[in-house]
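Numbering (full-length UniProt numbering), first residue to last: 1 to 463. Every residue, glycine too, gets a C-beta built ideally from N, C-alpha and C. Keep in mind it's a predicted model, so treat the numbers as computed, not measured. Worksheet: one structure, shown below.
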């Protein structure tokens, strides 16, 4: 992908070869050749982000595959629509390439984008008709061929045996088209004995075709992300430092969800409540910062920002916030020094200094992508803690051994937000709606504990 700086408000994207296909689904092999206004460049990416984040959120809530598919396609139609139907394909491709550029720059960003885009591709390809799926395979010259009637007759019994043994239903053999595929491309299906193998080829029912094509897409995109990062760093990063780079940085940490700059419930939290709330309703990242502040009587800037904006979001008023930080630092710092060196930053976060921006608490994505150094305590514990420290922290929350094992397993798989959701469930003994923001964790906890208290009161009244 090449960028030409036509003006400060236009991005010119140049493609190399390629052409439009018949299918609505794309392999995104080449970028479109188009001049894109900066506003559209960013908006297209945001529209697609809505869909990708929805995939992650629906997965984190443990929804069935068909429910995730329906929810994602509804959002796709809502956010990716265009005035002219012909523009939809261009918006699809442009938005993909913009987000590819956003997420190519670190391993963590690449992993997230690769996972979500592959899931989106799988859903959209599955929605295509058999005719369009076949056309897609032919257009991209993929080595998958529908077997002829003669080939089918010669191995019908073998195919039926495999489908019967794998629980796929032998009765469907006569109704299902089979694709002849190099066996090394479907090793997962080979390992689970879901396909018939003959002379180096696997014979795959059309219903399994989406798995093969999605694996091919994933492999292609994985290589493309590395190449995009290399090209961006070598050719464009310096010249786009003041124009595109700030947009890309902001998009990589964008969280498209409720604004937690103020308490979602609208209620205030008092200074006196904080100790109890920290133990009962703070997510692990904020609980850790809170305890470290009590222990060390100081936090570096990153920790103060992460915890301070969270406290603002749960409803701590400015005067109480100043009193909280002043008191926390007091054993090591006179009040006069605090007021001179630190109070400005607290007021600034509340929009009372500088540009008077009402700052929003950090999202999980922002916290996960942060890079705490030695002596720092901010960041995501599930990503940044050692296994030993994480296990100790979870034990400190009095999670059961079974819950701790579940959290550790999700952490090893780099599913950090799922690990946080599992922590919530272990700490509260209830189902979680998924965690994408520390303040969301807090709000869910407060809601659950309130409901529990109300039930207990009702039982006492009835008795």
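Is it buried or exposed, residue i, if we count other Cβ atoms within 10 angstroms and call 16 or more buried?
{"i": "residue 228", "result": "buried"}
{"i": "residue 270", "result": "exposed"}
{"i": "residue 28", "result": "buried"}
{"i": "residue 201", "result": "buried"}
{"i": "residue 192", "result": "exposed"}
{"i": "residue 411", "result": "buried"}
{"i": "residue 430", "result": "exposed"}
{"i": "residue 301", "result": "exposed"}
{"i": "residue 154", "result": "exposed"}
{"i": "residue 16", "result": "Because residue 16 carries a pLDDT of 34, less than 50, the predicted location of this residue cannot be relied on, and no value is offered for it."}
{"i": "residue 179", "result": "buried"}
{"i": "residue 374", "result": "exposed"}
{"i": "residue 363", "result": "buried"}
{"i": "residue 413", "result": "exposed"}
{"i": "residue 181", "result": "buried"}
{"i": "residue 141", "result": "exposed"}
{"i": "residue 278", "result": "buried"}
{"i": "residue 74", "result": "exposed"}
{"i": "residue 31", "result": "buried"}
{"i": "residue 2", "result": "Since pLDDT at residue 2 reaches only 46, below the 50 mark, its modelled position is unreliable, and the value read off the structure follows with that caveat. Residue 2 is exposed by the Cβ-count criterion."}
{"i": "residue 165", "result": "exposed"}
{"i": "residue 194", "result": "buried"}
{"i": "residue 283", "result": "buried"}
{"i": "residue 19", "result": "For residue 19, the pLDDT reaches just 40, beneath the cut-off of 50, and the residue's location in the model is therefore unreliable, although a value from the coordinates is still provided. Residue 19 is exposed by the Cβ-count criterion."}
{"i": "residue 189", "result": "buried"}
Give me the DSSP bridge partner(s) of residue i.
{"i": "residue 181", "result": "202"}
{"i": "residue 145", "result": "180"}
{"i": "residue 269", "result": "316"}
{"i": "residue 367", "result": "In the DSSP output, where bridge partners are listed per residue, residue 367 has none listed."}
{"i": "residue 196", "result": "203"}
Whole-angstrom Cβ separation of residue i and residue j, contact assumed at under 8 Å?
{"i": "residue 341", "j": "residue 347", "result": "Actually they do not touch by this definition, with Cβ atoms about 13 Å apart."}
{"i": "residue 45", "j": "residue 99", "result": "5 Å"}
{"i": "residue 393", "j": "residue 288", "result": "6 Å"}
{"i": "residue 128", "j": "residue 204", "result": "That pair is no contact at about 17 Å."}
{"i": "residue 384", "j": "residue 401", "result": "In fact, because the Cβ distance is near 23 Å, the residues do not count as touching under 8 Å."}
{"i": "residue 417", "j": "residue 436", "result": "6 Å"}
{"i": "residue 23", "j": "residue 152", "result": "Contact doesn't hold; Cβ gap of about 25 Å is too wide."}
{"i": "residue 103", "j": "residue 48", "result": "Going by Cβ atoms, the distance from residue 103 to residue 48 rounds to 11 Å, so no, they are not a contact pair."}
{"i": "residue 382", "j": "residue 419", "result": "4 Å"}
{"i": "residue 42", "j": "residue 247", "result": "6 Å"}
{"i": "residue 72", "j": "residue 114", "result": "With 8 Å as the limit, residue 72 and residue 114 do not qualify as a contact, their Cβ atoms being about 17 Å apart."}
Using a Cβ-Cβ cut-off of 6 Å (strictly less than) and excluding sequence neighbours within five positions of residue i, which residues of its own chain qualify?
{"i": "residue 315", "result": "263, 267, 268 and 269"}
{"i": "residue 361", "result": "260, 309, 310, 313 and 439"}
{"i": "residue 406", "result": "422"}
{"i": "residue 68", "result": "58"}
{"i": "residue 446", "result": "281"}
{"i": "residue 5", "result": "Any reading at residue 5 must be qualified, since the residue scores a pLDDT of 40, below 50, and its modelled position is unreliable; the value itself is stated next. Around residue 5: no qualifying Cβ."}
{"i": "residue 88", "result": "82"}
{"i": "residue 291", "result": "none"}
{"i": "residue 124", "result": "25"}
{"i": "residue 132", "result": "23"}
{"i": "residue 251", "result": "45 and 102"}
{"i": "residue 162", "result": "196"}
Between residue i and the rest of its own chain, which residues show a CB-CB distance below 8 Å, the 5 nearest in sequence each way excluded?
{"i": "residue 130", "result": "177 and 206"}
{"i": "residue 118", "result": "214, 217, 218 and 221"}
{"i": "residue 335", "result": "326"}
{"i": "residue 322", "result": "343, 346 and 347"}
{"i": "residue 134", "result": "146"}
{"i": "residue 453", "result": "none"}
{"i": "residue 245", "result": "237"}
{"i": "residue 460", "result": "none"}
{"i": "residue 324", "result": "271, 274, 311 and 316"}
{"i": "residue 226", "result": "104 and 110"}
{"i": "residue 294", "result": "328"}
Closer than 7 Å by C-beta to residue i: which residues in its own chain qualify, once you throw out the five before and the five after it? Chain order, please.
{"i": "residue 317", "result": "268"}
{"i": "residue 286", "result": "307, 310 and 438"}
{"i": "residue 298", "result": "329 and 332"}
- prompt: Would you say the segment 417-425 touches the segment 394-403, given that touching needs at least three Cβ pairs under 8 Å?
  reply: yes
message: Taking 8 Å as the cut-off, does the segment 71-82 touch the segment 430-442 (at least 3 CB pairs, one atom from each stretch)?
response: no
message: Between the segment 230-245 and the segment 206-214, can you find at least three pairs of beta-carbon atoms closer than 8 Å?
response: no
Stretch-stretch touch, CB-based, cutoff 8 Å, three pairs: the segment 301-321 with the segment 378-390: yes
query: Do the segment 146-163 and the segment 44-55 touch if we need at least three Cβ pairs shorter than 8 Å?
result: no
message: With three or more beta-carbon pairs closer than 8 Å as the criterion, would you say the segment 353-369 touches the segment 327-334?
response: no
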